[in-house]
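Participant: For the sequence shown, my numbering gives the first residue as 12, with consecutive numbering after it.
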Amino acid sequence: MPSQGELILRLLLAGALAGALGGERELTEQPAGFRTHILVGLGAALFAIISAYGFQSIVGQGPKKAVQADVTRIASQIMVGIGFLGGNTILKYKTSIHGLTTATNL
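#1: Kindly indicate which residue of Thr47, Leu23 and Ser14 has the alpha-carbon position closest to the one of isoleucine 93.
#2: Under 7 Å, do glycine 26 and arginine 36 count as touching if we go by C-beta distance?
#3: According to DSSP, is serine 14 helix, strand or coil?
#4: Tell me whether isoleucine 101 sits in a helix, a strand or coil according to DSSP, three-state version.
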């Protein structure tokens, strides 16, 4: 298990990288800018950390596990949630489609 400082560093790095993507979109006046990308990036990183390290006391560390649990289900649902957000941003206007880049970023 990583230290608390290491976990905070991971969250800060996720926020910084997502903020860089959002900042670039903000400069070009595209939808889903700085705040949206930071929230999505931090949320995904937080759920990934919780999925990886949050259930060790429940699952157990010894050779004989008291509880069988699949902790990777949380991480897989991150993709479903972000896909749901991205799918809602794709709009079709007559012969043109808008929002594909926004959906890809999210």
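Just so you know, even glycine gets a beta-carbon here, dropped at the ideal spot from N, CA and C.
No experiment lies behind these values; they were computed from the predicted model shown.
Facilitator: Based on what the coordinates show:
#1: When the alpha-carbon of isoleucine 93 is set against those of Thr47, Leu23 and Ser14, the nearest one is in Thr47.
#2: Going by C-beta atoms, glycine 26 is not nearer than 7 Å to arginine 36.
#3: Reduced to three states, the DSSP call for serine 14 is coil.
#4: Correct three-state label for isoleucine 101: coil.
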